[in-house]
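So in this note's numbering, spot 335 of the sequence shown is number 318, and the numbers just go up one at a time. The C-beta atom is built at its ideal place from N, Cα and C for all residues, glycine as well. A short write-up of the structure that comes next.
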Amino acid sequence: MKILIIGAGGVGTSAAMIIKRAGKEGDWAEKVVISDYNFARAEEVADKICGGGKFVAERIDARSPESIREIIGKHEVGFVMNAVEPLFNEVIFDTCLEARVGYLDCAMTLSVQHPEKPFELTNVKLGDYQFDRHEQWEKAGVMAIVGSGVEQGMAAARSTEAGDCYTRISNPTNNELGKAMAALEGGEMGLPFASGAAAFSALALTLLKAGDHVLCDDTTYSATNYLLNELLAKFGVETTQLDFTNYDAVGRALRPNTRFVFFETPCNPTMKIIDLARIAQIVKESASEALTVVDNTFATPFVSTPLACGIDVVMHSSTKFLGGHGDAIGGILVGSKAVIEEIQSVGLKNLGGCASPFNSFLILRGLKTLELRMKHCSTMARAVAEFLDAHPKVASVYYPGLPSHPGY
Ligand SMILES: Cc1ncc(COP(=O)(O)O)c(C=O)c1O
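Below, the structure written as structure tokens:
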């Protein structure tokens, strides 16, 4: 039988070791292809751990049916052992079904792969596994990885409810913060990140591609500005910046390839105020399919809810007013389920800027006093602004609560 193991992590390595041991007693496995996105790791399992011979390595993209089909065809695989991240189960299962090859879900049922030779099972938690401990494991006769972590993860991946398999992608505390912010902003889904900058990079790197255009206000936080004008420019994304209070110019600057229309209001640091509903309307009435994205860090949902004005996605540096105690850094995106889920499965998952659950806990604690703090901050800010405005040595004060401010 020709076997394909998809995944060369903990479960895939164990599957390969079991086949190797069973192979000593009867050469029932003709060829074993160990495949992983990380080819070097698959090679290490095939050569160093299994000793080459009938074990060969291939690079595979477990998210892609074409990639799975190609390896099945090339090696005339008759049986697939799925030892890869549970999130890809459906793609692998469907592809095997279509290709009419056997399928085994290793993480759940590793012990049944050779029914005539019942192995003694040793229960091991997935977290205990270390790739470089294979020799000790082999001596110890470890035959399966059956940990509550795997089972819960698999069950979560299969359930219709969103499950928490791995904290980089989702975590119960981070989810709670996401839900709280979605409720406050009036969006379908919220997704926390390690920082405001991480939130914006995940959004941009998920949704933008070479050849896209970004239309951006001329006053944006420095990291956002750098990402758009310096980093993304290197990858073929073009950004135009202009003063968004010149509303006619915004309409004229939209292009068929404009993917984002991005601004802050109030802007950091000039406190410029931009009319949310007016920009949303200009974009929606144009032929452009651009997504409107607003950094709501300074206003917070206590003062302003951009989604209610027709904006598509809201971002925050929750390091500021949302957290409120100066003891946690964080970022958050809120928008439709479709857009936020895409960012979760691409930008969050692969760039890795995930929120620390402890910081999410601290930010959730901060949200409980958001109203009290925002009222107090606003009262104090007005008092300071009025004092400075009346001071003979102060040339100008940027505070939108003063009649002299253009955004008053
Ligand atoms: C308006 C605004 N957006 C985004 C950021 C970036 O957020 P973080 O520092 O949490 O990465 C900041 C940080 O000062 C900010 O002021």
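Practice problem: Check L(-13) in the structure and name its three-state DSSP category. | Solution: Of the three classes helix, strand and coil, the one that applies to L(-13) here is strand, per DSSP.
Quiz item: Considering only C-alpha positions, which residue in the set P289, V296 and A291 is nearest to A321?
Solution: V296
Quiz prompt | F281 CB to nearest heavy atom of ligand 1 below 7 Å | solution = yes
Quiz item: Shortest alpha-carbon distance to Y209 belongs to which of E13, A187 and D226?
Solution: A187
Practice problem: Using 7 Å as the cut-off, classify the Cβ of G(-5) as near or not near the heavy atoms of ligand 1, replying yes or no. | Solution: no
Exercise. Report, in whole angstroms, the separation of the C-beta atoms of L174 and T241, which I expect to be a contact under 8 Å.
Key: The Cβ separation is near 24 Å, so there is no contact.
Exercise. Could you round the C-beta distance between V39 and A23 to whole angstroms and report it? I think they count as a contact, below 8 Å.
Key: That pair is no contact at about 14 Å.
Practice problem: Would you kindly report the start and end of the unbroken alpha helix (DSSP H) that includes S50? | Solution: Taken as a continuous stretch (DSSP letters only), the alpha helix (DSSP H) holding S50 covers P48 to K57.
Practice problem: Note down the Cα distance separating G56 from A193, rounded to an integer number of angstroms. | Solution: 33 Å
Quiz item: Got a sec: does ligand 1 put a non-hydrogen atom nearer than 7 Å to the Cβ of Y382?
Solution: Checking every heavy atom of ligand 1 against the Cβ of Y382, none is found closer than 7 Å.
Quiz item: Considering S205, what are the terminal residues of the beta strand (DSSP E) in which it resides?
Solution: No beta strand (DSSP E) contains S205, which is instead part of the alpha helix (DSSP H) from S205 to Y209.
Quiz prompt | Backbone secondary structure at A338 - three-state DSSP | solution = A338 sits in coil when the DSSP states are folded into three classes, being neither helix nor strand.
Quiz prompt | Three or more C-beta pairs below 8 Å linking the segment 158 to 175 and the segment 265 to 273 | solution = no
Quiz prompt | M363, DSSP secondary structure in three states | solution = helix
Quiz prompt | ligand 1 heavy atom lying under 7 Å from the CB of E53 | solution = no
Exercise. Indicate the three-state DSSP secondary structure (helix, strand or coil) for M298 in the structure shown.
Key: strand
Exercise. Take A(-9) and list the residues in its own chain whose beta-carbon comes closer than 6 Å to its own, dropping the five residues that flank it on each side.
Key: I17, D19, R24, A25 and V28
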